[in-house]
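Peer 1: For the sequence shown, numbering that gives the first Met the number 0 begins at 0 and goes up steadily by one. Backbone N, C-alpha and C fix where the C-beta goes; we use that ideal spot for every residue, glycine too. No experiment lies behind these values; they were computed from the predicted model shown. Quick one: this structure, given as structure tokens, is what I'll be asking you about.
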Amino acid sequence: MPVPYNFDEIIDRRGTGSLKWHYNDDTIALWVADMDFKAAPPILNTIERVLQHGVLGYTKPTDALYQAIIDWHGSRYGLALNKKHILFSHGVIPSLALMLRMFTEAEDAVMVNDPIYAPFMTKVEQNSRTLVTSALKEVEGKYQLDLADIEAKIVEHEVKLYLLCNPHNPGGRVWTRDELQALLSICKKHDVAIVSDEIHQDLTLNGHTFTPFLTLAEGYEHKVVSLTSMTKTFNVAGIKSSIIFAKDEALINKINWQQRLSDEHDLNLFAYEVTYSAYKEGREWLAQALTYIETNIEFAVQFLNQHLPDIKVMRPEASYLIWLDCSAYGQDDKTLYDALRDAKVELSAGIQYGDAGHLKLRLNVACPKALLIEGLNRMHAALNSVNGHK
Ligand SMILES: Cc1ncc(COP(=O)(O)O)c(C=O)c1O
């Protein structure tokens, strides 16, 4: 019998330098995407073992680490990899920025969806590329790719690169094989490269199936890169570790060369060790964490339906983030955010995810249930107090 892990334990993260819990009052943090759970015991034991050994010198990835990555992705998702397809990076977003510079020149058009995880847009702009957005369509409470709009804009703007978020943040969609295939066909037709951010891949809920983009890309592998990490999966974002997958030899050599130009191809000792331990020993913790998250999602959805029935709730197919349309509760974004701040609860402001985020909020439910309940009660009070709503 596996040991049950305790996800109900409330751990005070204030005063630790936590990005999420940055307050010096009793505000409840239901925003940035990390979980308020302790890391899996096997991961903590691994760090303990390294400390006991006591020597923290230069480290390189072992064959066992490569094998753990290959086994995880092969057994769970049918993604066939070998060591030559794998590079390391200290973050998915740093890699995404590198891919922008690899696949495009200044001013070239890069497409992202709207809404989208904010750095997809900011990195395009900071790197002096031209941002082209394609709004997702909302059909029966779920986002869908607007394939006609995507193709029309690819042609109109001569898009060179599509940055895909698979599964999608903030909407929580796990794109199906058919949807991805349709997107790939359009990109192939117009010679558009695809970089797929798959950091939420392991957080699929309620039986949804994640499809790695690279499993579809045969014949187009010279134009496809996937970026992933175990940091979101195992709640170790502070460790800073991620992986780049590319199956085309010339492409991966080129990426490797670009990384080496600024010596950014290797990770710190803890990142290698934690990545190995997570993929090798983390399955049981992940299964239990996902069960806990599913229960919290169910609870939050029911609470919102009952107490704030005018919020349109987008139930996620992956991740612990719930996208909320609060347009019935406010006419402008600032009023909404101010009301929450006054009630001492913080959610992610929708507007940072693009125009589609107007009057929306992103709720993070990966926390002990008692915290979630208190946070939802504060939300209830805040939104009911917003001027004009009864
Ligand atoms: C879609 C997506 N990509 C990337 C990241 C961050 O990745 P990293 O910390 O490895 O840069 C996040 C974090 O929330 C995310 O949601």
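#1: Tell me which residues share the same chain as Q403 and place their Cβ nearer than 6 Å to its Cβ, disregarding the 5 neighbours each side in the sequence.
#2: If contact is defined by three or more beta carbon pairs under 8 Å, each pair taking one atom from either stretch, is the region 246-256 in contact with the region 37-54?
#3: For M110, report the span of its beta strand (DSSP E) as first-last.
#4: So, using beta-carbon positions, are D67 and Y275 closer together than 8 Å?
#5: Apply the 10 Å Cβ neighbour rule to K389 and answer buried if 16 or more other Cβ atoms are within range, or exposed otherwise.
#6: Compute the distance between the beta-carbons of M110 and K152, then report whether it is under 8 Å.
#7: Suppose only complete runs of 3+ residues qualify. What are the beta strand (DSSP E) ranges in the region 103-171, listed by chain order?
#8: Would the C-beta of G349 count as close to ligand 1, meaning under 7 Å from any of its heavy atoms?
#9: Do the region 228-248 and the region 75-92 meet, that is, are 3 or more Cβ pairs less than 8 Å apart?
#10: If we ignore side chains and look at the alpha-carbon of each, how far apart do T58 and L268 end up?
#11: Do K122 and A96 have their C-beta atoms closer together than 8 Å?
#12: Just to confirm my understanding: we take A391, look at its own chain, exclude 5 residues before and 5 after, and list those with CB closer than 6 Å. What are they?
#13: Leaving out five residues on either side along the sequence, give the residues of the same chain with a beta carbon under 8 Å from the beta carbon of D25.
#14: Less than 7 Å between the CB of P211 and some heavy atom of ligand 1, yes or no?
#15: Starting from E47, follow the beta strand (DSSP E) in both directions and report where the run begins and ends.
#16: Using the DSSP secondary-structure output, state which residues sit across from N195 in a beta bridge.
#17: With 16 other CB atoms within 10 Å as the buried threshold, where does G170 fall?
#18: Go through its chain and collect everything with a Cβ distance to S228's Cβ below 8 Å, but skip five positions before and after it.
#19: May I ask which residues mark the beginning and end of the beta strand (DSSP E) holding K311?
#20: Please name the residue, chosen from A381, V224 and A286, that lies closest to A204 on a Cα-to-Cα basis.
#21: Identify the residues that DSSP records as bridge partners of R75: which are they?
#22: Could you check what DSSP says for V385 in three-state terms: helix, strand or coil?
#23: In angstroms, rounded to a whole number, what distance separates the CA positions of I292 and N234?
#24: Using alpha carbons as the reference points, say which of T208, A236, Q200 and V194 lies closest to Y219.
#25: Cutting at 6 Å between CB atoms, please list the residues of its own chain near D35, excluding the five before and the five after it.
#26: Closer than 7 Å to a non-hydrogen atom of ligand 1 - does that hold for the CB of Y4?
#27: According to DSSP, is A348 helix, strand or coil?
#28: Between the region 335-342 and the region 292-311, do three or more beta carbon pairs fall short of 8 Å?
#29: Can you tell me whether DSSP reads F87 as helix, strand or coil?
#30: Report the rounded CA-to-CA distance for N363 versus D177, giving the unit in angstroms.
#31: Taking 7 Å as the cut-off, is the C-beta of I92 nearer than that to any heavy atom in ligand 1?
#32: To which residues does DSSP link R361 through a beta bridge?
#33: Taking the C-alpha atoms as reference points, what is the distance between K333 and I350?
#34: If I measure Cβ to Cβ from P3 and keep anything under 8 Å in the same chain, skipping five residues before and after, which residues do I get?
Peer 2: Once the coordinates are examined:
#1: The shown model of the chain, from 0 to 389, leaves out residue 403, and the question about it has no answer.
#2: no
#3: A108 to D113
#4: Note on identity: in this sequence residue 67 is Ala, with Asp being the wrong assignment. Yes, the pair counts as a contact, with Cβ atoms nearer than the cut-off.
#5: In this prediction, K389 scores a pLDDT of 49, lower than 50, which makes its location untrustworthy; the coordinate-derived value is nonetheless stated afterwards. K389 should be labelled exposed.
#6: yes
#7: 108-113, 129-134, 136-138, 141-143 and 158-164
#8: no
#9: yes
#10: 6 Å
#11: yes
#12: The structure shown does not extend to residue 391, since the chain is modelled only from 0 to 389, so the question has no answer here.
#13: K343
#14: no
#15: E47 -> not in any beta strand (DSSP E); alpha helix (DSSP H) instead, spanning P40 to H52.
#16: Reading off the sequence, residue 195 comes out as Ser, not Asn. Answer is L163 and S225, bridged to S195.
#17: buried
#18: G90, V91, I198, S240, S241 and I242
#19: K311 to M313
#20: Reading the sequence as shown, one finds Leu at residue 204 and not Ala. Here the closest residue by C-alpha is A286.
#21: Paired residue(s): none; R75 is not in a bridge.
#22: coil
#23: 13 Å
#24: V194
#25: C366
#26: no
#27: strand
#28: no
#29: strand
#30: 29 Å
#31: yes
#32: W322 and S347
#33: 10 Å
#34: Q287
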